[in-house]
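Engineer:
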Amino acid sequence: MNDRFRISSLWAQRLTEHKLALPTLLRLAGLPAGFFEQEKIYATTAELFAYGVPLAR
Amino acid sequence: MSPDPGIGLKLGAEPRFERCQPSAIAAVCSRSFRDALQRIARYKQLTCPEEIRVHTSRDEASVEFFYLEAEEVQPDVLVDLGLSWILSIGRRGTDGQITPLRLELTRPVQHRELLRNHFSAECGSKPTATHSYFAAAASTGHS
Numbered sequence: 852m853n854d855r856f857r858i859s860s861l862w863a864q865r866l867t868e869h870k871l872a873l874p875t876l877l878r879l880a881g882l883p884a885g886f887f888e889q890e891k892i893y894a895t896t897a898e899l900f901a902y903g904v905p906l907a908r
Numbered sequence: 175m176s177p178d179p180g181i182g183l184k185l186g187a188e189p190r191f192e193r194c195q196p197s198a199i200a201a202v203c204s205r206s207f208r209d210a211l212q213r214i215a216r217y218k219q220l221t222c223p224e225e226i227r228v229h230t231s232r233d234e235a236s237v238e239f240f241y242l243e244a245e246e247v248q249p250d251v252l253v254d255l256g257l258s259w260i261l262s263i264g265r266r267g268t269d270g271q272i273t274p275l276r277l278e279l280t281r282p283v284q285h286r287e288l289l290r291n292h293f294s295a296e297c298g299s300k301p302t303a304t305h306s307y308f309a310a311a312a313s314t315g316h317s
């Protein structure tokens, strides 16, 4: 099993709806600025967790 | 980043059905909550390094998430998001019949009232448990 999660592009939309700044979130998570602009978005478990950490700070 | 302590709960509960992932739509269309959990578990088993484990005893079923490749502790917000997501699927698919009996978190419980209101259940802390979970009556959600 690959360490790979398919991420819905709607995540970005939902985060924005909750008034979360995507560039800041991605920077704090250590993810590339264009992460949500990929045609197909994949994340490893570590990246997924990294995305979750700054959300609740 | 978010001042809202319920951000994980909110992100997990997609209010618009048309925006749900196909796997969630398939789960909502299941015969029962148990069937829905099995469908999601199967989907995840096939597509990503995550497992949903359902433990059924005589009176209740508990739902846990396992990240198979995790080397660190799952962030609290993702715990909330996952449990909220699975509950929202159960509620939507059963017209609100799913009500957890209790919520058990491995972390110390903060914002107890917020969690109680969201899950309609009491929330406890079990630091010795390996994963957080919620338990529902085993008989709920059957059509």
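For the protein sequence lines, the chains are A and B, in the order given. First residue of the first sequence: 852, per my numbering; consecutive thereafter. First residue of the second sequence: 175, per my numbering; consecutive thereafter. For each residue, glycine too, the CB sits at the ideal point set by N, CA and C. Note that the coordinates shown come from a computational prediction; the quantities given were computed from them, not determined experimentally.
Are the C-beta atoms of G903/A and some chain B residue less than 7 Å apart?
Structural biologist: By this cut-off, G903/A is an interface position.
Engineer: If I follow the unbroken beta strand (DSSP E) through H869/A, where does it start and stop?
Structural biologist: Element bounds for H869/A: n/a, residue is neither H nor E.
Engineer: For the alpha helix (DSSP H) containing G298/B, list its first residue and its last residue.
Structural biologist: From DSSP, G298/B is part of no alpha helix (DSSP H) but of the beta strand (DSSP E) over E296 to S299.
Engineer: Can you tell which of G182/B, E188/B, L183/B and I181/B has the C-alpha that lies nearest to the C-alpha of L861/A?
Structural biologist: It is E188/B.
Engineer: Secondary structure at A187/B, three-state DSSP: helix, strand or coil?
Structural biologist: A187/B falls in the coil class under three-state DSSP.
Engineer: Kindly indicate if chain B contains any beta-carbon less than 7 Å away from that of S859/A.
Structural biologist: So, interface residue.
Engineer: Could you tell me which chain B residues have their CB closer than 8 Å to the CB of R878/A, listed as they occur along the chain?
Structural biologist: Per Cβ cutoff of 8 Å: no residues; R878/A is ~10 Å from chain B at best.
Engineer: Counting only beta-carbon separations shorter than 7 Å, does T867/A have a partner in chain B?
Structural biologist: With 7 Å as the cut-off, T867/A does not count as an interface residue toward chain B.
Engineer: Taking the alpha-carbon positions, what's the E868/A to Y902/A distance?
Structural biologist: Each residue's Cα considered, the two are about 17 Å apart.
Engineer: Exposed or buried, which one is G231/B when buried takes at least 16 other CB atoms within 10 Å?
Structural biologist: Reading off the sequence, residue 231/B comes out as Ser, not Gly. By the neighbour-count rule (16 or more Cβ atoms within 10 Å), S231/B is not buried but exposed.
Engineer: May I ask you to report which of helix, strand or coil DSSP gives L861/A?
Structural biologist: It is helical.
Engineer: How many Å lie between D269/B and V202/B at the Cα?
Structural biologist: If you take the alpha carbons of D269/B and V202/B, they lie about 10 Å apart.
Engineer: Counting only beta-carbon separations shorter than 7 Å, does S262/B have a partner in chain A?
Structural biologist: Not one chain A Cβ lies under 7 Å of S262/B.
Engineer: Leaving aside the five residues before and after G264/B along the sequence, list all residues of the same chain whose C-beta is less than 7 Å from its C-beta, in chain order.
Structural biologist: Excluding positions up to five away in sequence, the list reads F207, A210, I272 and G315.
Engineer: Can you name the start and end residues of the beta strand (DSSP E) that H229/B belongs to?
Structural biologist: Element bounds for H229/B: E224 to T230.
Engineer: Can you tell me the Cα-Cα spacing of V247/B and S204/B, whole angstroms?
Structural biologist: Their Cα atoms are separated by approximately 32 Å.
Engineer: Could you check which residue in G298/B, A215/B and S294/B has the C-alpha nearest to that of R281/B?
Structural biologist: Measuring from the Cα of R281/B, the nearest candidate turns out to be G298/B.
Engineer: Of all the residues that make up the stretch 237–265 of chain B, which are near chain E by a beta-carbon distance shorter than 8 Å?
Structural biologist: Looking at the structure shown, chain E is missing, and the protein chains on hand are A and B.
Engineer: Compute the Euclidean distance between the alpha carbons of S317/B and A880/A, then round it to the nearest angstrom.
Structural biologist: Because S317/B carries a pLDDT of 43, less than 50, the predicted location of this residue cannot be relied on, and no value is offered for it.
Engineer: Looking at C-beta atoms only, is the number of pairs between the stretch 238–258 of chain B and the stretch 181–200 of chain B that lie closer than 8 Å three or more?
Structural biologist: Yes, since at least three Cβ pairs between the stretch 238–258 of chain B and the stretch 181–200 of chain B fall closer than 8 Å, the two stretches touch.
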